[in-house]
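Number of protein chains: 2
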Amino acid sequence: MQRRILTKTAAILAGQIRQSLLQNVPRTTAFKIAISSYSSSSTAKTVPFTADTYSSKVQRDSRYKTLEQSDLDYFHCILPETSIITDKDDLDFFNEDWMRKYKGQSQLVLKPKTTQQVSQILKYCNDHKLAVVPQGGNTGLVGGSNPVFDEVIISLSSMNQIRSFDETSGILKVDAGVILETADQFLAEKGYIFPLDLGAKGSCHIGGNVACNAGGLRLLRYGSLHGSVLGLEAVLPDGTVYDSMHSLRKDNTGYDLKQLFIGSEGTLGIITGVSVLCPARPQASNVAFLAVKDYETVTKVFNECKKELSEILSAFEFMDLKSQILTQQHLGLDQHPIESGQYPFYVLIETSGSNKEHDDEKLETFLGGAMENGLVEDGIIAQDESQIQSLWSWRESIPESSTMNGGVYKYDVSIPLADLYGLVEACNAKLEDAGLVDFTDSSKPVVSAIGYGHIGDGNLHLNVCVREYSQAIESVLEPFVYQWIQQKRGSISAEHGLGFQKKNYIGYSKNEQEIAMIKSIKNHFDPQAIMNPYKYV
Amino acid sequence: MQRRILTKTAAILAGQIRQSLLQNVPRTTAFKIAISSYSSSSTAKTVPFTADTYSSKVQRDSRYKTLEQSDLDYFHCILPETSIITDKDDLDFFNEDWMRKYKGQSQLVLKPKTTQQVSQILKYCNDHKLAVVPQGGNTGLVGGSNPVFDEVIISLSSMNQIRSFDETSGILKVDAGVILETADQFLAEKGYIFPLDLGAKGSCHIGGNVACNAGGLRLLRYGSLHGSVLGLEAVLPDGTVYDSMHSLRKDNTGYDLKQLFIGSEGTLGIITGVSVLCPARPQASNVAFLAVKDYETVTKVFNECKKELSEILSAFEFMDLKSQILTQQHLGLDQHPIESGQYPFYVLIETSGSNKEHDDEKLETFLGGAMENGLVEDGIIAQDESQIQSLWSWRESIPESSTMNGGVYKYDVSIPLADLYGLVEACNAKLEDAGLVDFTDSSKPVVSAIGYGHIGDGNLHLNVCVREYSQAIESVLEPFVYQWIQQKRGSISAEHGLGFQKKNYIGYSKNEQEIAMIKSIKNHFDPQAIMNPYKYV
Numbered sequence: 001m002q003r004r005i006l007t008k009t010a011a012i013l014a015g016q017i018r019q020s021l022l023q024n025v026p027r028t029t030a031f032k033i034a035i036s037s038y039s040s041s042s043t044a045k046t047v048p049f050t051a052d053t054y055s056s057k058v059q060r061d062s063r064y065k066t067l068e069q070s071d072l073d074y075f076h077c078i079l080p081e082t083s084i085i086t087d088k089d090d091l092d093f094f095n096e097d098w099m100r101k102y103k104g105q106s107q108l109v110l111k112p113k114t115t116q117q118v119s120q121i122l123k124y125c126n127d128h129k130l131a132v133v134p135q136g137g138n139t140g141l142v143g144g145s146n147p148v149f150d151e152v153i154i155s156l157s158s159m160n161q162i163r164s165f166d167e168t169s170g171i172l173k174v175d176a177g178v179i180l181e182t183a184d185q186f187l188a189e190k191g192y193i194f195p196l197d198l199g200a201k202g203s204c205h206i207g208g209n210v211a212c213n214a215g216g217l218r219l220l221r222y223g224s225l226h227g228s229v230l231g232l233e234a235v236l237p238d239g240t241v242y243d244s245m246h247s248l249r250k251d252n253t254g255y256d257l258k259q260l261f262i263g264s265e266g267t268l269g270i271i272t273g274v275s276v277l278c279p280a281r282p283q284a285s286n287v288a289f290l291a292v293k294d295y296e297t298v299t300k301v302f303n304e305c306k307k308e309l310s311e312i313l314s315a316f317e318f319m320d321l322k323s324q325i326l327t328q329q330h331l332g333l334d335q336h337p338i339e340s341g342q343y344p345f346y347v348l349i350e351t352s353g354s355n356k357e358h359d360d361e362k363l364e365t366f367l368g369g370a371m372e373n374g375l376v377e378d379g380i381i382a383q384d385e386s387q388i389q390s391l392w393s394w395r396e397s398i399p400e401s402s403t404m405n406g407g408v409y410k411y412d413v414s415i416p417l418a419d420l421y422g423l424v425e426a427c428n429a430k431l432e433d434a435g436l437v438d439f440t441d442s443s444k445p446v447v448s449a450i451g452y453g454h455i456g457d458g459n460l461h462l463n464v465c466v467r468e469y470s471q472a473i474e475s476v477l478e479p480f481v482y483q484w485i486q487q488k489r490g491s492i493s494a495e496h497g498l499g500f501q502k503k504n505y506i507g508y509s510k511n512e513q514e515i516a517m518i519k520s521i522k523n524h525f526d527p528q529a530i531m532n533p534y535k536y537v
Numbered sequence: 001m002q003r004r005i006l007t008k009t010a011a012i013l014a015g016q017i018r019q020s021l022l023q024n025v026p027r028t029t030a031f032k033i034a035i036s037s038y039s040s041s042s043t044a045k046t047v048p049f050t051a052d053t054y055s056s057k058v059q060r061d062s063r064y065k066t067l068e069q070s071d072l073d074y075f076h077c078i079l080p081e082t083s084i085i086t087d088k089d090d091l092d093f094f095n096e097d098w099m100r101k102y103k104g105q106s107q108l109v110l111k112p113k114t115t116q117q118v119s120q121i122l123k124y125c126n127d128h129k130l131a132v133v134p135q136g137g138n139t140g141l142v143g144g145s146n147p148v149f150d151e152v153i154i155s156l157s158s159m160n161q162i163r164s165f166d167e168t169s170g171i172l173k174v175d176a177g178v179i180l181e182t183a184d185q186f187l188a189e190k191g192y193i194f195p196l197d198l199g200a201k202g203s204c205h206i207g208g209n210v211a212c213n214a215g216g217l218r219l220l221r222y223g224s225l226h227g228s229v230l231g232l233e234a235v236l237p238d239g240t241v242y243d244s245m246h247s248l249r250k251d252n253t254g255y256d257l258k259q260l261f262i263g264s265e266g267t268l269g270i271i272t273g274v275s276v277l278c279p280a281r282p283q284a285s286n287v288a289f290l291a292v293k294d295y296e297t298v299t300k301v302f303n304e305c306k307k308e309l310s311e312i313l314s315a316f317e318f319m320d321l322k323s324q325i326l327t328q329q330h331l332g333l334d335q336h337p338i339e340s341g342q343y344p345f346y347v348l349i350e351t352s353g354s355n356k357e358h359d360d361e362k363l364e365t366f367l368g369g370a371m372e373n374g375l376v377e378d379g380i381i382a383q384d385e386s387q388i389q390s391l392w393s394w395r396e397s398i399p400e401s402s403t404m405n406g407g408v409y410k411y412d413v414s415i416p417l418a419d420l421y422g423l424v425e426a427c428n429a430k431l432e433d434a435g436l437v438d439f440t441d442s443s444k445p446v447v448s449a450i451g452y453g454h455i456g457d458g459n460l461h462l463n464v465c466v467r468e469y470s471q472a473i474e475s476v477l478e479p480f481v482y483q484w485i486q487q488k489r490g491s492i493s494a495e496h497g498l499g500f501q502k503k504n505y506i507g508y509s510k511n512e513q514e515i516a517m518i519k520s521i522k523n524h525f526d527p528q529a530i531m532n533p534y535k536y537v
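Heads up: the sequence lines are chains A and B, in that order. Mapping to our numbering: the first sequence position 93 is 93, numbers consecutive. Mapping to our numbering: the second sequence position 354 is 354, numbers consecutive.
Below you can see the structure in the form of structure tokens.
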């Protein structure tokens, strides 16, 4: 598929690369696993109610009112018929998360079309103590956008208009329910790029991205949403509209309150509009895919990369072997991009710049040097846009691939770089000790813990791929995973948020004073506590 | 000093540049002003008390206690002798701002050496209702770090240690009182760069930079402090230490409360420590200095620059002719970098990248094209580090040069790009109508309004250079300037903050709901209102 770089690099370096690198490296026997031996179990079974699965941990708060006909009557007064969903089958889509791990029992989904309607809904709910769950594209990974009990779901999917775009400044203003990919395609036509990219881009909403402070694949290059979001419109629990849709790159007039909503996961109010600064779309992009012999070497490749590729480096992703085996099976492809054998680790490097010739020269020089120094075992560079997309699919398909045997426990964590992969190894050892894990034996409930993620951000995705969800697995993993992270002074949620899954574990990443201040701010904005209860903090 | 690029560019473009560009362009007669005719008045006169100058606008709040011997006794118990300043002459340095526009009447400066001491001081002041002013390098431009009446000054200058630096991640942790330039020099030795740079770097403190959300010269490249600050340590008004000195690029566990302190100007607590992500220091830098015929063309040059230089563009600064004439006089130099004549506008472009050859090629190609298209009248590229520094001095010396005739009214504002320079023209017209302005006639109180700043950020520095401060000038300028900005939907403070100067004008940039929420957060954190009173909001 992709042309090997070895020949070209060898030519550039005029024979400086050791001859041995031009030959196939023997397969790393420890990872020699026959792909054909997997079972591919179905994921179509019924999802149990969160309230049942976690009945020992969470009880319905009796302060909240139960939905009555009079409430429905009110909503029918302020919303058109098409904005109100009460049909049982239709509700499932909104009650369940995409991992099929959490399921709420809401009897009502509201799909407002305007900020004013959101305001009317929240004011009513606040006055009547009806708990609510704001929901974007429902692509969250911690059960944050699904009800736990009977909360009213407020879906932003009908607020999906691009409000404006300024071609000089690159400032885009959108409704919260605009799908990320839709916005990026719109921007592509104008020569701009959305400063965020992630696997769920075809479904996730920009409002949801901001509410969860999504990090994704471009953070290394374009920074976090705390930097690129210039303004927000949000409705507070009492129905007040906080209109702060500014379009200024610099504005030091008062506390930057919009920052509180970025990453608040729908607990302070509902984001209805976003103003975001978009960079010029790079005129040249390229992707290299490398094989690396061990984790320590992955970090060395990263450090070299930062120095040599510097301003054109736009992504540095790593993947372990098992993540690639699962992905290959899921994609149903005969060949992996690296054909010379299996290697413990793979790295995807993306460059983005203004001059293709310069960028390719930098990338090839870097790879040539890295191979010469023994940092890289094998590698390829994409030759065109379709090859770039194809290489990316080996990284972006991992989340889906990791659920193919039945389900996945997902941990999205930050750990100082040197220790980052140690968590995956520790989890596999722990599951091994408990006799729960086997990569091929389908009688064991766990397939494997796999690791991949954004090395450039110190962000590991630990996916524990399972054949079924069970309390036995969960009790081996938690709080073990969180304790391990705490010891390394990491974060138990790098980018996925706290949601329902991690609500009780924030103490592993934040101290008492921080938690007290967070609770106090929550109470300041939402004294009736109607916003997304049973979650966050 | 700098080698002309014309020959080199001409060679590259093989005769594509129009011959006329190789000749001197005639001086723009409207700006033909004899440098020798200036008066250079002294700035050594006494600064009047802010309380007197603005007696009609602000009264001392009687809720605050007046300093007594018992208070001094307490501070002597918890601090060493050298941390307490009560000598009248020594106090002046802390009471006055560097523009010599504001002067407080504090009788006490405390210079704690530890976070614990800051905590003890604030707890005492909060319990006894002693108002305080936190002070960093005292380089602020809106009177935010000086007392208005008799507030106790808490200077962070004795908390000046670099706490740690991680060479793999580039994360620097410092005491709030570390001077920006000291940190950047420390980082230079490690191959890293501080993500913020500004004219006052030799004096300003990092804690003060964060408290004011300083933008500066590198924002275009490295983004705002809301993105690069990873953690903070701050002491709350009641003495509680908020220890949030994290070192993770991604951490989505709870509201990002540190963001509230970024840009809070000492009104919520005192920042005592900062954790900041520092990028790898570019291996290659260059600077070009261009002459441009009008403001509209400046914006066109910027748009071309964004496209062609993209990832290596690290600064795009513009300056008008009068700012350069004043700077030339202030620097005492015979020659301006552009020797071929005077032009209405000048632009400084900085590139930073990993490959000097690639960067220089991009810069030269860009300039060649810009001259061919008639966007640029004349231009030079620095040939070595000392020339880079020298070219930068023509931009960085403007703030000092603007005070050389007596004083300056500074406005730091954000305005959509197309209208940005219109404010300078509108101010000069307004001052002209009032008969207050003449560039050469020293009997008039105003020299001129001049404009310069960070085009890349939509950030104009409007400096009204005066021979003396007067209410007559101020009443012509305010609220006129703020009203003009409001009409254009800009910000009355892009990066300098609100401080004392702009406290009453926030309504020109924020709506009632935003202001109400800001006031409510202030009250939430500082119910006794001891922190930096009479300012901000």
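For glycine and all other residues, C-beta sits at the position ideal for the given N, C-alpha and C.
Between B:Met517 and chain A, the shortest Cβ-Cβ separation is below 9 angstroms. Any Cβ of chain B closer than 9 angstroms to the Cβ of A:Asn303 would place that residue at the interface, and such an atom is present. Separation of the CB atoms of A:Leu375 and A:Val301 is rounded to 5 angstroms, and the pair is thereby assigned contact status at 8 angstroms. Taking a contact to require three or more Cβ pairs closer than 8 angstroms, the segment 465 to 479 of chain B and the segment 383 to 390 of chain B do not qualify as touching. Looking at the DSSP output, B:Gln135 bridges to B:Ser155.
Under the three-state reduction of DSSP output, A:Cys305 falls in the helix class.
Against chain B, the CB of A:Arg100 has no partner CB under 9 angstroms away; the residue lies outside that interface.
The DSSP-derived three-state label of A:Arg163 is strand.
Proximity of A:Ile349 to chain B, defined by a Cβ-Cβ separation below 9 angstroms, is not satisfied.
Using a Cβ-Cβ distance cut-off of 8 angstroms, the segment 295 to 313 of chain A and the segment 344 to 363 of chain A are in contact, since at least three pairs of beta carbons, one from each stretch, lie closer than that value. Taken atom to atom, the span from the alpha-carbon of B:Gly273 to that of A:Gly341 is near 49 angstroms. Secondary structure note for B:Asp412: it is in no alpha helix (DSSP H), and the uninterrupted beta strand (DSSP E) holding it is 407 to 414. Annotated three-state conformation of A:Phe289 is strand, per DSSP.
Cα atoms of B:Val408 and B:Gln471: separation of roughly 13 angstroms, rounded to the nearest angstrom.
Using a 10 angstroms sphere on the CB of B:Pro445, the tally of other CB atoms reaches 16 or more, which defines it as buried. Note on geometry: alpha-carbon atoms of A:Gly170 and B:Leu313 lie some 16 angstroms from one another.
Within chain A, Glu311 have C-beta atoms less than 7 angstroms from the C-beta of B:Ile312, given in sequence order. DSSP places B:Thr115 within a helical segment (H, G or I) once states are collapsed to three. Scanning its chain for C-beta atoms nearer than 7 angstroms, with the 5 sequence neighbours on each side dropped, one finds around A:Lys430 the residues Val476, Phe480, in chain order. Per the C-alpha coordinates, the member of A:Thr66, A:Gly177, A:Lys258 positioned closest to A:Lys113 is A:Gly177. When 7 angstroms is used as the limit between beta carbons, B:Glu512 is near no residue of chain A, the shortest such separation being about 10 angstroms. The Cβ-Cβ distance between B:Gly499 and B:Val132 does not fall below 9 angstroms.
Under a criterion of Cβ atoms nearer than 8 angstroms, the residues of chain A adjacent to B:Ser414 are, in order, Leu248, Arg249, Lys250, Asp251. With a threshold of 9 angstroms between beta carbons, B:Arg489 makes contact with chain A. At the C-beta level, B:Thr327 and B:Ser401 come within 9 angstroms of one another. Interface flag for B:Cys427 against chain A is unset, since no Cβ pair is found closer than 9 angstroms.
Interface annotation for the segment 472 to 500 of chain A against chain B: Arg489, Gly490, Ser491, Ile492, Ser493, Ala494, Glu495, His496, Gly497, Leu498, criterion Cβ-Cβ distance under 9 angstroms.
Chain-order list of chain B residues neighbouring A:Ala280: Lys306, Lys307, Ser310, by C-beta distance under 8 angstroms.
DSSP places A:Ile485 in the helix class (H, G or I) of the three-state scheme. Excluding the 5 residues flanking it on each side, A:Met99 has same chain C-beta neighbours closer than 8 angstroms at Leu141, Thr403, Gly407, Val408, Lys410, in chain order. The alpha helix (DSSP H) runs lying completely inside the segment 211 to 281 of chain B and spanning 4 residues or more are 219 to 222, 225 to 228, 258 to 261, given in chain order. The C-beta separation of B:Lys258 from A:Ser491 comes to about 14 angstroms, leaving the pair out of contact by the 8 angstroms criterion.
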